[in-house]
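Be aware that the sequence shown starts at 0, since it is given in numbering that gives the first Met the number 0, and climbs by one per residue. Idealized CB from N, CA, C, for every residue including glycine. Remember, predicted model here, so these are calculated numbers, not experimental data.
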Amino acid sequence: MRTPFILYVAPLDDTAGREAGFAAGADECVGRRTSSRELDARLAAARRIAELESVLRVTLAENRKLSATDDLTRVNSRRFFSKHFPREVERAARYGRALSLVLCDIDLFKSINDTHGHACGDQVLREFGARLQLSLRRGIDWVARIGGEEFAVVLPETGYQQALDVARKLRAVVAQPPYTNEGKTMEVTASFGLCGLDRVPGGERRLAERVLKIADAALYRSKNAGRNRVTATMLNATGE
Numbered sequence: 000m001r002t003p004f005i006l007y008v009a010p011l012d013d014t015a016g017r018e019a020g021f022a023a024g025a026d027e028c029v030g031r032r033t034s035s036r037e038l039d040a041r042l043a044a045a046r047r048i049a050e051l052e053s054v055l056r057v058t059l060a061e062n063r064k065l066s067a068t069d070d071l072t073r074v075n076s077r078r079f080f081s082k083h084f085p086r087e088v089e090r091a092a093r094y095g096r097a098l099s100l101v102l103c104d105i106d107l108f109k110s111i112n113d114t115h116g117h118a119c120g121d122q123v124l125r126e127f128g129a130r131l132q133l134s135l136r137r138g139i140d141w142v143a144r145i146g147g148e149e150f151a152v153v154l155p156e157t158g159y160q161q162a163l164d165v166a167r168k169l170r171a172v173v174a175q176p177p178y179t180n181e182g183k184t185m186e187v188t189a190s191f192g193l194c195g196l197d198r199v200p201g202g203e204r205r206l207a208e209r210v211l212k213i214a215d216a217a218l219y220r221s222k223n224a225g226r227n228r229v230t231a232t233m234l235n236a237t238g239e
């Protein structure tokens with residue numbers, strides 16, 4: 000998008016006219032007898048400013064995109080999740096719609112780094128995120144990396160039972176086929192915690208935070224129960 004440059008012409012002694020021109024949105028004001036050399040110089044300066052503004056817009060857009068995307072896995076970032084998950088909850092509450100949140104954490108990820116190296120660990124994270132994304136509804140569900148080896152899967156318009164089916168599918172998808180590293184295969188599994196709502200209740204403050212805590216507690220129970228499993232909790236329409 001180009002930035003328009005508005006040049007206003009008014010007599011040099013017409014102070015009121017010049018002020019009116021700037022008030023109307025003019026970027027520069029020149030007199031009627033301004034020489035062509037001076038006019039060219041002013042226009043050249045205006046072009047430089049416009050070019051700088053264009054570069055700034057592109058840079059800001061790139062920075063917004065980078066801040067919304069996890070550098071390693073290319074899924075959404077924790078910052079994106081923190082901003083958009085509460086909005087998903089608010090939208091679902093406004094219209095009384097279903098919404099579910101799945102948290103997943105790669106099992107024994109530290110041992111992968113210790114045994115195979117951090118480069119291998121990074122590759123596992125990238126493939127793990129890709130497997131999650133490819134298993135979801137495009138343009139509806141979304142994934143974010145919210146910790147080192149922890150991911151969040153947001154399922155709009157998805158009630159408890161359907162979300163439980165999705166979580167079970169994801170558990171299988173991320174484990175098979177095995178991951179490969181330098182020609183060797185690795186068994187990688189993950190634990191899942193789900194908080195599902197068939198109808199998001201309205202009027203509850205900090206509901207997004209509560210849903211996140213419930214899903215996190217379910218994930219913790221999966222870890223304690225032996226890993227590589229799904230633990231689910233359902234909230235009813237009253238938020239209980």
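Practice task
Mind reading off the beta-carbon distance from GLY158 to ASP197? Whole number of angstroms is fine, and I expect it under 8 Å.
Solution key: 4 Å
Practice task
May I ask which residues mark the beginning and end of the beta strand (DSSP E) holding PRO155?
Solution key: 149-155
Exercise for the section: Output the residue ranges of the alpha helix (DSSP H) runs that lie fully inside the stretch 3-38 and measure 4 residues or longer, sorted by chain position. Expected result: The stretch 3-38 contains, as complete alpha helix (DSSP H) runs of 4+ residues, the segments 14-22 (chain order).
Practice task
Measure the CB-CB distance between SER66 and SER76 and report whether it falls below 8 Å.
Solution key: Their beta carbons are under 8 Å apart, which means SER66 touches SER76 by this criterion.
Practice task
Output the distance between the C-alpha atoms of PHE127 and VAL142, rounded to the nearest integer angstrom.
Solution key: 11 Å
Handout entry: Sub-8 Å separation of CYS103 and ALA189 beta-carbons
Key = yes
Exercise for the section: Could you say which of MET185, VAL8, ALA25 lies nearest to SER110 if we only look at CA atoms? Expected result: Selected option, being the one with the closest Cα: MET185.
Practice task
Let me know the secondary structure DSSP gives VAL123 once reduced to three states.
Solution key: Here VAL123 sits in helix by DSSP.
Problem - Coil, strand or helix - GLY192 by DSSP - result: strand
Problem - Exposure of TYR178, with buried meaning 16 or more beta-carbon neighbours within 10 Å - result: So TYR178 ends up on the buried side.
Handout entry: Backbone secondary structure at ILE105 - three-state DSSP
Key = Three-state DSSP puts ILE105 in a strand.
Exercise for the section: For the stretch 158-185, list the beta strand (DSSP E) runs that are entirely contained and at least 3 residues long, ordered along the chain. Expected result: 178-180, 183-185
Problem - Expected contact under 8 Å - CB spacing of ILE105 and VAL165 to nearest Å - result: Wrong, their Cβ atoms sit about 18 Å apart, outside the cutoff.
Practice task
Below 8 Å on the Cβ atoms is my guess for VAL199 versus ALA22; work out the distance and round it to an integer in Å.
Solution key: Contact doesn't hold; Cβ gap of about 48 Å is too wide.
Practice task
In angstroms with no decimal places, state the Cα-to-Cα distance between LEU211 and PRO85.
Solution key: 10 Å
Exercise for the section: Buried or exposed for THR14, please, with buried defined as at least 16 other CB atoms from any protein chain shown within 10 angstroms of its CB. Expected result: exposed
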